[in-house]
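Okay, structure first, notes after.
Have a look at this one:
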């Protein structure tokens with residue numbers, strides 16, 4: 171879904187002029203006979219030729235590019251939770267860094283460059299009619315109105331999107347949930363093989379989250395469970411030895427015959 175969204179925005183920006191020509195053609199050929207089609211085309215053309223469209227499209231394109239690595243990792247068949255958590259922490263750090271003056275200025279620069287390279291005249295952001303909120307009982311501060319349209323876009327759109335994105339990522343992937351999964355990923359076959367080749371790659375905080383969780387559990391019950399698991403492993407190990415011994419014995423008897 172994320173790849174589709176990012177691809178759709180990239181395609182819309184790449185073939186922006188072709189899309190506008192198609193909408194104008196549909197409006198001229200079918201708009202006079204069908205009022206709904208004509209109004210829909212006019213609305214799309216008006217939005218696609220506005221600076222608000224460019225700002226929003228380039229903003230979400232950047233967001234999807236930041237989220238793409240962690241999405242690939244979480245959706246992969248052989249998901250590596252340890253790598254996914256590291257990528258996720260890096261993504262959250264990038265989004266926090268993206269919410270500053272320099273990042274917004276870079277977005278404005280990319281928008282201006284796109285508009286300069288296009289044959290379309292984009293409509294700049296316009297100031298909406300100011301609406302003052304009546305002062306309620308007990309309030310002493312007057313409602314502050316943002317007159318600059320670009321500042322209003324940053325306050326009401328840019329910063330809000332960043333805050334929602336950070337809140338969703340922090341809520342869905344909080345440290346209390348990721349910690350145990352990160353520890354359990356060390357027991358995966360891939361990680362075991364990697365540790366066998368290089369024992370220095372084991373994280374210094376390995377199994378800290380599990381130890382914190384198990385500190386609230388009865389240690390006697392935990393030791394009993396561990397004893398049962400070891401017994402099961404030993405039984406399977408003995409079974410494999412017996413099976414291998416009998417198989418080798420049968421092969422020797424066949425060779426002797």
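Residue numbers (our numbering): 171 to 427.
All residues carry an ideal CB built from backbone N, CA and C; glycine is no exception.
Query                                                                                                                                     : Result
Test item: CB-CB of residue 243 and residue 233 under 8 angstroms                                                                         : no
Residue 280 versus residue 216 - alpha carbon distance                                                                                    : 21 angstroms
Nonlocal neighbours in the same chain, by C-beta distance under 8 angstroms from residue 325, ignoring five residues either side          : 316
Beta-carbon proximity of residue 220 to residue 293, cut-off 8 angstroms                                                                  : yes
For residue 171, the three-state DSSP class (helix, strand or coil)                                                                       : Only weak support is given to the placement of residue 171: the predicted model assigns it a pLDDT of 47, under 50, and the value that follows is read from those uncertain coordinates. Three-state result, residue 171: coil.
Boundaries (first-last residue) of the alpha helix (DSSP H) holding residue 341                                                           : 329 to 342
Bounding residues of the alpha helix (DSSP H) (the contiguous stretch that carries residue 194)                                           : 186 to 200
Exposure label - residue 417; buried when at least 16 CB within 10 Å                                                                      : exposed
Best match in 327, 335, 253, 228 for proximity to residue 282 [C-alpha to C-alpha]                                                        : 228
Chain-order list of residues whose beta-carbon lies under 7 angstroms from that of residue 333 (same chain, five-residue window excluded) : none
Secondary structure of residue 212, DSSP reduced to three states                                                                          : helix
For residue 244, the residue or residues it bridges with in DSSP                                                                          : The partner list for residue 244 (beta bridge, DSSP) is empty, contrary to what the question assumes.
The ligand SAH heavy atom lying under 7 angstroms from the CB of residue 227                                                              : Absence of the ligand SAH from the depicted structure is noted, as is the absence of any ligand whatsoever, leaving it without description.
Contact under 8 angstroms by Cβ, residue 187 with residue 330                                                                             : no
Local Cβ density within 10 Å of residue 121, reported as buried at 16 or more and exposed below that                                      : Outside the displayed range of the chain (171 to 427) lies residue 121, so it cannot be described from this structure.
Reduced DSSP secondary structure (H/G/I, E/B, other) of residue 220                                                                       : strand
CB contact flag (residue 277, residue 225, <8 angstroms)                                                                                  : yes
Limits of the alpha helix (DSSP H) - the one that residue 287 falls within                                                                : 271 to 287
Residue closest to residue 239, alpha-carbon to alpha-carbon, out of 271, 260, 269, 223                                                   : 260
Span of the alpha helix (DSSP H), counted from its first residue to its last, around residue 319                                          : 319 to 323
Whole-angstrom distance between residue 231 and residue 171, CA atom to CA atom                                                           : Low confidence applies to residue 171: its pLDDT is 47, below 50, so where it sits in the model is not reliable, and the reading given next is rough at best. About 13 angstroms.
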